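S.K.: So that we are looking at the same thing, I have put the structure below in structure tokens.
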Amino acid sequence: MEVLASPIVIDYPFMDCMGTLVDDLREYPIRACPECCRLFCVNCKCLHLGMTCENYQFSRQLNLFSWKHHYGGYHDELEEDEEEKEEDEDDDDDDEGEEEEKRGGKGEETP
1 MEVLASPIVI DYPFMDCMGT LVDDLREYPI RACPECCRLF CVNCKCLHLG MTCENYQFSR
61 QLNLFSWKHH YGGYHDELEE DEEEKEEDED DDDDDEGEEE EKRGGKGEET P
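The following block contains the structure:
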């Protein structure tokens with residue numbers, strides 16, 4: 001049995017269990033919590049059976065990109081619509097001021 005000079009403590013991904021895992025440097029990515037016996041991947045902080053860590057990370061990035069594109073795009077479209085409305089209102093205010101200048105008035109007309 002080998003004693004580790006500086007043990008590496010692995011952060012546990014589940015919030016409802018405060019088990020502590022010490023890395024034994026055997027490079028097994030799938031571990032079990034000594035407290036609750038749930039399995040998880042040390043590298044990815046979740047369990048992804050049937051996928052390598054690289055495939056899991058790639059699919060996670062695709063899902064995140066898709067989510068941002070889908071929901072983020074909708075949010076951007078709303079902001080663009082609001083900006084267009086503000087610009088239209090500003091243009092309408094400018095048009096009214098130009099019409100008054102053409103009439104020769106400085107503001108309110110007297111009857």
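Every letter in the sequence shown is one number past the one before it in full-length UniProt numbering, and letter 57, counting from 1, is 57. A virtual CB, placed ideally from N, CA and C, is assigned to each residue, including glycine. Remember, it's a predicted structure, so these values are computed and weren't measured experimentally.
#1: Using the Cα positions of K45 and F65, report the straight-line distance between them to the nearest angstrom.
#2: Expressed to the nearest angstrom, what Euclidean distance is found between the alpha-carbon atoms of M15 and E82?
#3: Kindly indicate the opening and closing residues of the alpha helix (DSSP H) around C53.
#4: According to DSSP, is D11 helix, strand or coil?
#5: Tell me whether the stretch 18-38 and the stretch 54-69 touch, counting them as touching only if at least three CB pairs, one residue from each stretch, are closer than 8 angstroms.
#6: Taking its Cβ as the centre, do 16 or more other Cβ atoms sit within 10 Å of Y12, making it buried, or is it exposed?
#7: For the beta strand (DSSP E) containing R26, name the first residue and the last one.
#8: Judging by CA-CA distance, which residue of Q61, V9 and I30 is the nearest neighbour of H48?
#9: Please confirm whether C33 and G19 have their CB atoms less than 8 angstroms apart.
M.R.: According to the structure data:
#1: 20 angstroms
#2: 40 angstroms
#3: C53 to W67
#4: coil
#5: no
#6: buried
#7: Counting along the chain, R26 falls outside any beta strand (DSSP E), and DSSP gives it neither H nor E.
#8: I30
#9: yes
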